[in-house]
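Reviewing the structure listed below.
Protein chains in written order, with my numbering: chain A, 1 to 324; chain B, 1001 to 1286; chain C, 2001 to 2147; chain D, 3001 to 3340.
Dropping the structure here:
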């Protein structure tokens, strides 16, 4: 982390950038916030640890509109989002100086709390263990058990776009990584009724706070269709289950083929809805129907939904597949 | 329907509207129409004071706050002068006589026309721009109908063009002909057939050069208000002498939905009428 | 009010038909006196590609029991490639609806040319029969629209 | 003071539910939220704070105000039925109870909101002391005692027993209803528990925030502070903080066209949304900084100005744990000068 701060100071001093976009120390052990640093002095609060989960690519949409260049720290999976934003002309590559930072996985404090650990005062890491100082005594928690779901199926440690790398383990495979489609496959194997009940339960928790949308780097529309006042299914209503289904289906569809599977939607959801399972379904279908595709890997290929071939499968596949 | 148990209060009625019938529509300007509204029984929907507003709605389209243009002294109906500028107003402009809409109110405070030392017994100067005449018309007619309670009445009204002057007929036929009332009209740009004054309201104000022994009521576009106020201060008026009426987005009209606040004041409940020295103490979020 | 219990279930079907092929196909079916149930409500769209996923969901919200989209045969699009894009979109959308537990027979895409009046009517007859067997749409319903 | 064994709570719930609707924290898909009790429901009294606050029970996220039909140009308005049956909200924390008082000041002040008033009149609040307060809690700052919730009935979970004490007439009536399940108890165990809770609260990291800056500064001085500009930037403009907040009361009124008529409903709204103040002639809060400032100024300055100094934050800490960008009111209070 000291190296990141040192380099940031240098880049500020030599005028390469006029601001730094990173993470600022929070007031609890686990709540650093995304922050802009405009001076060497401000960088004293800079932090980079496992709780810096926020994907800063989203903030780069605004940062690219500001005067001068911005230094941004991106984790490997954040760089997919940044690439995708370049492709969609939402960010300007030349306005960003990207330092790719190494990532050992980002953490979900709720996993720790759900294990009954309360009153956390501070957190430190010792090898594979998180040491937690709490009001109710010292506690330990395995690092790997605290990983966010997205990090248990890590896409890899390779940065897709950067100006320089610090602390990155380029090309290195992430530790033991699960199959990211495991849960999607499990759901597909269920009966329609079971699937319906699963989603009914999950989506009915939705409070329509729009955190998923606003945190999503792919949701970069200036005005969302759900913000239209000419539209029955407006953003705020939470009247019955249809509203939530509608919102989440349409949102997932709008980012289909553009979603890099960064997992921000699930990370920020206050109700813990596994929204990534909707996006991954689209990713899985796209891979199966139209060939392997990873959004954000490049900046010039045509996305699956803005492309076609004469031999594409017919929509009837859904019924046929269901019958086998 | 459950019995109302709120102990004589009227919260329920406050959000449940009355049904109003349009009995007359006057096309004032290319984009302003004045709607006359009564209840189904043909009577006035409610009593109000000049400067108060009401929520007018077309179910399924929207609901918005409009100032009541007619004077409380009119015992037969209420009028709303509405400029076409959004979804709801578009729809209203497409309506015809006999159509029904919903109205709830009245909401907000009013110009202190009955308060000694505020407006009662004072010389009055009304300054309006464009559709800003709507709320002031209510006060002007109230004052003219209670003529003995007030001193001199002067009206300075300007608009983009002669076609955009709202209530021109009433201005020419009633206000101009009433004794002790001086009307000054102006339009922004030269126009064929217009032999009156040409120029913006703030500059016309200075040309006329009013004496400061009066209270001023302003309503118009924000930019006009800004320059008129500056002009008035230059002429020696104090902020305590000047009243205006504000408009912000409103949903409930009763100070609960939380969006029309300027600092700790709610425009729908504590306003819409403010004296400029009061506004000075509030954040500039209007 | 909703269909009363003692009454037979009459499915409500929304059919999005492209202006150039399928709508003309429906016309031909009509002028050829080929019968298809009156439960099918046709919405004419300029191209099958005009059908946004939201259209499909809105149709279900407002009470449709089945939604079918008809367009020109692949290769025959009046705008060259509209139906190819539509095909991908609908494939993914239908797969998603299936994934959410909505019965996969409730949605369908069929390519119908201007000359295929017979195909239009048989398709509609089949689809209505299918929806009839699936019953009322309850998994994608908006309760507010049910009374 | 009464008590009931923890293991017999389901009997207690069944007894209450037999008479009245019972809302309490229910775990569904891994999250605890207030819901209607049923025999199958998984009651969760251990989670300190539900995701959504019990505000929902009195001021639902969405409710129909009236239905309107237009038949041949004639409008017909059918107002929604008001709550007319008593119901019980069980397990409210002291902060949530205080939050209801904050809402009361808005909705029960003239003109009364009768939809809310009817729910308040028929709602019976059963509060529960916080056995293990968490690091995100800062109710003490607002003078709330988590060990002594001020509801119709206060309860304490001590060991294997739930202690029960009616504090109001409504509470007495509810107690009568379930009397046969309760046994007499002495206060010693509860007193010990209270001391324990209070000792923990003393140690919480946010328990000693200093609010004097909001009391002593002029409104405009706070409003014009350059610190807002420094703070708002991470804000994503979502409504999470507003919707999990037990005191946020802003609402929107909208129409839904059902095909056979129009339902006019009101739903929670968030001042963080760009369309909150958007109207045909423009928007007077055009930047996220202004919206961010509005939310915190409302909680810490505007509301207290209008309500004898009562803050419209109760320190429940939901925003602290839920904000996607880890922004929260504690950071705002500290930044504005309220560092303990």
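No residue lacks a Cβ here, since even glycine has one placed at the ideal position from N, Cα and C.
The three-state secondary structure of residue 1260(B), taken from DSSP, is coil. The alpha carbon of residue 3147(D) has as its nearest neighbour, out of 3044(D), 3113(D), 3093(D), 3141(D), the alpha carbon of 3093(D). Of the residues 1089(B), 1084(B), 1045(B), 1087(B), the one whose Cα lies closest to the Cα of residue 1070(B) is 1045(B). If the five residues before and after residue 2040(C) are omitted, its C-beta is found closer than 6 Å to the C-beta atoms of 2013, 2015, 2124, all from its own chain and listed in chain order. Annotation: Cβ neighbours of residue 3324(D) in chain A (cutoff 7 Å, chain order): 211, 215, 268. Residues of the stretch 1025–1039 of chain B with a Cβ closer than 7 Å to any Cβ of chain D: none.
Excluding its 5 nearest sequence neighbours in each direction, residue 2101(C) has C-beta neighbours in its own chain below 8 Å: 2139, listed in chain order.
When DSSP states are grouped into helix, strand and coil, residue 3122(D) belongs to the helix group. Counting the other Cβ atoms within 10 Å of the Cβ of residue 3180(D) gives fewer than 16, which makes it exposed. The three-state reading of DSSP puts residue 1195(B) in coil, since its state is none of H, G, I, E or B. Residues of the stretch 2079–2097 of chain C with a C-beta atom less than 8 Å from some C-beta of chain A are 2081, 2084, 2085, 2087, 2088, 2089, 2090, 2091, 2092, 2093, 2094, 2095, 2096, 2097, listed in chain order. Listed in chain order, the beta strand (DSSP E) elements of length 3 or more contained wholly in the stretch 2087–2127 of chain C are 2107–2111. Residue 1036(B) is positioned such that its CB atom lies no closer than 8 Å to that of residue 3276(D). If you check each beta-carbon in the stretch 3229–3242 of chain D against every beta-carbon of chain C, none falls closer than 8 Å. With respect to the 8 Å criterion, residue 1098(B) and residue 1021(B) are classified as neighbours on the basis of their beta carbons.
Here the C-alpha atom of residue 2107(C) lies approximately 13 Å from the C-alpha atom of residue 2132(C).
For residue 250(A), the nearest beta carbon of chain D is not closer than 8 Å to its own beta carbon. Pairing residue 3267(D) with residue 3242(D) gives a Cβ-Cβ distance that is not under 8 Å.
By alpha-carbon distance to residue 1033(B), the top candidate from 1083(B), 1278(B), 1118(B) is 1083(B). Listed along chain D, the residues sitting closer than 9 Å to residue 272(A) by beta-carbon distance are 3029, 3030, 3031, 3051. For residue 3336(D), there is no enclosing beta strand (DSSP E), as DSSP gives it neither H nor E.
The beta carbon of residue 3135(D) lies closer than 7 Å to those of 3204, 3205 in the same chain, with the five residues before and after it left out.
If you look at residue 199(A), you'll find it in the alpha helix (DSSP H) that goes 192–203.
Rounded to whole angstroms, the Cβ separation of residue 2098(C) and residue 257(A) is 19 Å, and the two are not in contact under 8 Å. Take the alpha-carbon of residue 3108(D) and the one of residue 3115(D): they are about 10 Å apart. Judged by beta-carbon spacing, residue 1155(B) lies beyond the 8 Å limit of residue 1201(B), meaning their Cβ atoms are not closer than that value.
Excluding five sequence positions before and after residue 1285(B), the CB atoms of its chain that fall closer than 7 Å to its own CB belong to 1262, given in chain order. The shortest C-alpha to C-alpha distance from residue 1064(B) to any of 1249(B), 1282(B), 1254(B) is the one to 1249(B). Where residue 2080(C) is concerned, there is no enclosing alpha helix (DSSP H), because DSSP gives it neither an H nor an E. For residue 59(A), the three-state secondary structure derived from DSSP is helix. Under the three-state reduction of DSSP, residue 314(A) is assigned to coil, being neither helix nor strand. For residue 3061(D), there are no neighbours in chain C by C-beta distance under 8 Å, as the nearest C-beta there is about 15 Å away. For residue 1099(B), the three-state secondary structure derived from DSSP is coil. Ranked by Cα distance from residue 3303(D), the options 1278(B), 1282(B), 1265(B), 1270(B) are led by 1265(B). Excluding the 5 residues flanking it on each side, residue 3157(D) has same chain C-beta neighbours closer than 6 Å at 3131, in chain order. From the listed residues 155(A), 120(A), 146(A), 128(A), the smallest Cα separation to residue 138(A) is found for 120(A).
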